[in-house]
Amino acid sequence: MKTSALLYSVLALTATLVSAPSPSHAGVAQGDAVLVARQLVVNHQYKGTGFAVVDTRGREAYLMPPEEGVDRDPGSWSPAGTNIVFEVSRDDGLSRSHLWVMDRQGGGLRRITQGIGLRSQPVWGPGGIAYVENFNCLHVVGGQGQNHRRLFCLPEDGLIVRLQWSLDGKSVLFFGENEVGGGLEPPTDQSIYRVDMRTGLATRIFLRRLNGPSSSRLYLSPDAAWAVDINYDRAERFSLIELATGAESGLGIDGRSPVWSPDSQRLAFTGPFGVLYVMDAAARPSERRLRRLTSNPQDITFVPVAWSRDGTCLLANRLHYVGTGENAYTVSDPVIFNLVTGERTRLPQGAAVEHGWFQHE
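Just so we're aligned: the sequence shown equals residues -26 to -1, 1 to 335 in mature numbering (1 follows the signal peptide of the UniProt record, and there is no 0).
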């Protein structure tokens, strides 16, 4: 199972072309803000990743400028929006990475993981920072590096993706898959687990066995009642699964990169030709309204990232493809769509990241 390629496919899609500017800590000291990834490109090749914080008025603080040979992938905000957790790896031939924390002004830098191994997908919640170690084990650690615990592991060939905190903040949910048995094309179990952050008890709330290698991904709703299934072997077939019954229904359109609204009733997704859509996904099939948000030229794709807390706004990355063949790259800038007024707010260049939109209560 090519776990590393699968895990980082989304980041590769939203890569941003930048030069390496000097760091700035001006503005963005408090309030709502978005984490954006920025990549250093040398001779059409990505050489390193940094990140910045931008607010909805266009102010920015360049906290971690790109540096050749170093990837700094922003993870998420602390619940109060005062700190940021991110992953750091180096192009040194060693399979290792660590999690670091800093405050939103760029100070208080500290490493919170130790030892060898790969740490990825950090998501900060009420019970600490949940993350994945070596692709198949769920861990949790405090913001100061305290109370580090391993909570649950899939088999060694397993893959954990898409960590999210439960609505009550007591559990972490994730989609995972692992091969079953041997052979050239063994069956694959796809599962959704709920892990209690206090006890470590893992409960599998959904299981589906495929007859061979996986070609799909499940995207869980915030209330853990639904999942969107995208099958990449079938022209990005887009379907909805009710987890309690396993009942599956097509959504009538191909799509990818779905993002659930906070109330688990609507989906934003990238449809055919890179167009951004919103759908009333959890309604009965006859009531599923489809709303098109963009009309794109051929070299533009919109990828949704996150909803506002009240469901009135949607953050998406506008991807502009430049060049062809070996010289092709992607330029990205975030856009906030107001679904009530139709207004669009374009933010400074960068790829907004999942869990990267901090909003005050």
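We treat Cβ as the ideally placed atom computed from N, Cα and C, and that holds for glycine.
Check your understanding: How do the region 225 to 237 and the region 282 to 295 stand: do at least 3 beta-carbon pairs fall below 8 Å, yes or no?
Key -> yes
Point to revise | Start-end ranges of the beta strand (DSSP E) lying completely within the region 174 to 248, minimum 3 residues | key: 176 to 184, 190 to 194, 200 to 205, 211 to 216, 221 to 224, 230 to 234 and 241 to 244
Point to revise | Cross-strand partners of M253 (DSSP beta bridge) | key: L241 and L264
**Study point:** Within the region 29 to 67, ranges of the beta strand (DSSP E) (whole runs, at least 3 residues)
**Key:** 34 to 38, 44 to 51 and 57 to 64
Exercise for review: Starting from residue 341, follow the beta strand (DSSP E) in both directions and report where the run begins and ends.
Suggested key: Nothing in the structure corresponds to residue 341, since the chain is present only between -26 and 335.
Check your understanding: Mapping DSSP to helix, strand and coil, what is P259?
Key -> helix
Check your understanding: By Cβ distance below 6 Å, which residues in the same chain neighbour E107 in space, the five residues on each side in sequence not counted?
Key -> G91, R93 and H113
Practice item. Have a look at Y36 and F25 and give me their C-alpha separation to the nearest angstrom. Key: 7 Å
Practice item. Note down the Cα distance separating S306 from Q323, rounded to an integer number of angstroms. Key: 6 Å
Review point. In the structure shown, what three-state DSSP assignment does N152 receive?
Key: strand
Practice item. Could you spell out where the beta strand (DSSP E) holding V314 opens and where it closes? Key: Segment: none, V314 is in no beta strand (DSSP E) and carries neither H nor E.
Practice item. Check each candidate in R258, N185 and S63 and name the one with the smallest Cα separation from T162. Key: N185
**Study point:** C-beta atoms of L214 and V202 nearer than 9 Å
**Key:** yes
Practice item. Count the CB pairs spanning the region 8 to 23 and the region 43 to 56 that are closer than 8 Å, and state whether there are at least three. Key: yes
Review point. How big is the Cα-Cα spacing for V62 and S260?
Key: 47 Å
Review point. Identify the residues that DSSP records as bridge partners of R85: which are they?
Key: W74
Check your understanding: Going straight from the alpha carbon of I58 to that of G157, what length do you get?
Key -> 43 Å
Exercise for review: Express the C-alpha separation of R31 and V309 in angstroms, rounding to a whole number.
Suggested key: 12 Å
Exercise for review: Quick one: give me the first and last residue of the beta strand (DSSP E) that T162 is part of.
Suggested key: T162 to D170
Review point. For Q272, which residues of its own chain have a beta-carbon under 8 Å away from its beta-carbon, when the five flanking residues on both sides are left out?
Key: F247
Practice item. Note down, in chain order, each residue of its chain lying with its Cβ closer than 6 Å to the Cβ of G82, except the 5 sequence neighbours on either side. Key: M76
Review point. Hey, would you say L133 sits closer than 9 Å to V327, going by beta carbons?
Key: no
Check your understanding: Mind checking whether L125 and V97 have CB atoms under 9 Å apart?
Key -> no
Exercise for review: Please name the residue, chosen from T219, V249, G220 and A221, that lies closest to I227 on a Cα-to-Cα basis.
Suggested key: V249
Check your understanding: How about F60: is its Cβ closer than 8 Å to a heavy atom in the ligand NAP?
Key -> Among the components of this structure there are no ligands whatsoever, and the ligand NAP is therefore not found.
Practice item. Please go through the same chain and pick out, in chain order, the residues whose beta-carbon is closer than 7 Å to the beta-carbon of P50, but skip the five residues on each side of it. Key: The sequence as given places Ser at residue 50; Pro does not occur at that position. V59, P96, V97, W98, H329 and G330, listed in sequence order.
Point to revise | Residues sharing a beta bridge with L158, DSSP | key: Per DSSP, none; premise fails for L158.
Review point. Under the three-state reduction of DSSP, which class applies to N301: helix, strand or coil?
Key: helix
Practice item. Could you name the residues of the same chain whose beta carbon sits closer than 7 Å to that of L267, not counting the 5 residues immediately before and after it, in chain order? Key: L250, Y251, V252 and F311
Review point. If you run the structure through DSSP and keep just helix, strand and coil, what is F109?
Key: coil
Point to revise | residue 376 classed as buried or exposed, judged by whether at least 16 other C-beta atoms fall within 10 angstroms | key: Outside the modelled stretch of the chain, which goes from -26 to 335, sits residue 376, for which no answer is possible.
Practice item. Kindly indicate which residue of R84, P53, C127 and L137 has the alpha-carbon position closest to the one of P100. Key: P53
Exercise for review: Report the three-state DSSP secondary structure of S(-3) (helix, strand or coil).
Suggested key: At S(-3) the pLDDT is 42, less than 50, meaning the model places this residue with poor confidence; the figure from the coordinates comes in the next sentence. Residue state, collapsed to three classes: coil.
Review point. Taking the DSSP output, what are the residues bridged to H294?
Key: I274 and V305
**Study point:** Residue of V314, N291 and G316 minimising C-alpha distance to T304
**Key:** N291
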